[in-house]
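S.K.: So that you can map any letter, position 93 of the sequence shown is 93 in the working numbering, and since no number is skipped, the others follow by simple counting. Heads up, the beta-carbon is just placed ideally off N, CA and C, and yes, glycines get one too. What follows is a single structure, and I will ask about it in a moment.
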Amino acid sequence: MRHTLGRFALAISLATASLSAFAATDSMMVSDCWIRSILGDVPSGDYFKLMNMSGKSIDLQSVSTDAFGMAMLHQTQSNGSTSKMVMVDKATVPANGTLAFAPGGYHVMFEQAKKPLTVGSTIPVTFSFNDGEKISAQCAVKNAAGNKGRTRKQARQARFATRRVACTFGTCKKRPVRDTVYKLIRVFFAALQVELNFTHC
Ligand SMILES: [Cu+2]
């Protein structure tokens, strides 16, 4: 009973801390799940955290959703300067440990979207484990930059706008060198019209 209460308290505190949805069985919890929406027919990455609350290691074997025709477990492996993506048939979550699916590491690749993704919406995703358990979690659709609606550029502009307001009221820290450098960088990229491209992983 005490164990169950502790687990409940843990789940509540985690949910409060991250303000994000989670779903769990007795032994496993899925949290912070999000799907990267990329325009066009580019595969979408799915990222989340797994927490194994049991004394045995558990393998994530597959992930599925009605929103996509295909889902694969991938791992980005890098050796020095190059990195490549390999398909894996499982990802092991250590006993009483966690495993993060995150850009640059383990990720799920969704392909063949049934309909265009809407940033800000959620998609139900089912996670299947080798102990026979399945967990259904709601995954937030975010844009390529990994936030709920702003592009990287918009987020940066918002930060600058906040700072401008603070400076108007004389409450911002003076940082003339950094501001000049940022301005030069902005002018440089604006001149080049550089657009950052993202891949699903
Ligand atoms: Cu991949």
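How should Ala191 be labelled, buried or exposed, when 16 other C-beta atoms within 10 angstroms of its C-beta is the threshold for buried?
M.R.: exposed
S.K.: With hydrogens ignored, establish whether the beta-carbon of Met109 is closer than 7 Å to any heavy atom of ligand 1.
M.R.: Correct: Met109 has its Cβ closer than 7 Å to ligand 1.
S.K.: Spatial neighbours of Ile12 within its chain, please: CB distance less than 8 Å, with the 5 preceding and 5 following residues excluded, ordered by chain position.
M.R.: The predicted model places Ile12 with a pLDDT of 48, which falls under 50 and marks its position as unreliable; any figure quoted below should be read in that light. Around Ile12: no qualifying Cβ.
S.K.: Does the segment 56 to 74 come close enough to the segment 160 to 175 to have 3 or more Cβ pairs within less than 8 Å?
M.R.: No, the segment 56 to 74 is not in contact with the segment 160 to 175.
S.K.: Is it buried or exposed for Lys142, if we count other Cβ within 10 angstroms and need 16 for buried?
M.R.: Under this definition Lys142 is a buried residue.
S.K.: Can Met70 be considered in contact with ligand 1, in the sense that its beta carbon sits closer than 7 Å to one or more heavy atoms?
M.R.: no
S.K.: Any heavy atom of ligand 1 inside 7 Å of the beta-carbon of Met29?
M.R.: For ligand 1, not one heavy atom lies less than 7 Å from the Cβ of Met29.
S.K.: Give the DSSP-derived three-state secondary structure of Ala190 in the structure shown.
M.R.: helix
S.K.: Alpha carbon to alpha carbon, what distance is there between Arg178 and Arg186?
M.R.: 12 Å
S.K.: Here's a check: name, in chain order, each residue in its chain whose Cβ is nearer than 7 Å to the Cβ of Thr118, leaving out the five neighbours to either side.
M.R.: Val141
S.K.: Checking the sheet assignment: what are the DSSP bridge partners for Gly45?
M.R.: Per DSSP, Met109.
S.K.: What are the boundary residues of the beta strand (DSSP E) that Val88 is part of?
M.R.: In the DSSP annotation of this structure, Val88 is not part of any beta strand (DSSP E), being labelled neither H nor E.
S.K.: I need the straight-line Cα distance from His74 to His107, nearest angstrom please.
M.R.: 5 Å
S.K.: Cβ of Met53 versus every heavy atom of ligand 1: is any distance shorter than 7 Å?
M.R.: no
S.K.: Suppose you measure from the CA of Ala155 to the CA of Ser121; what does that come to, to the nearest Å?
M.R.: So the alpha carbons of these two residues sit roughly 19 Å apart.
S.K.: At what residues does the beta strand (DSSP E) containing Phe169 begin and finish?
M.R.: Looking at the DSSP string, Phe169 is not in any beta strand (DSSP E), and its letter there is neither H nor E.
S.K.: According to DSSP, is Asp179 part of a helix, a strand, or is it coil?
M.R.: Asp179 falls in the helix class under three-state DSSP.
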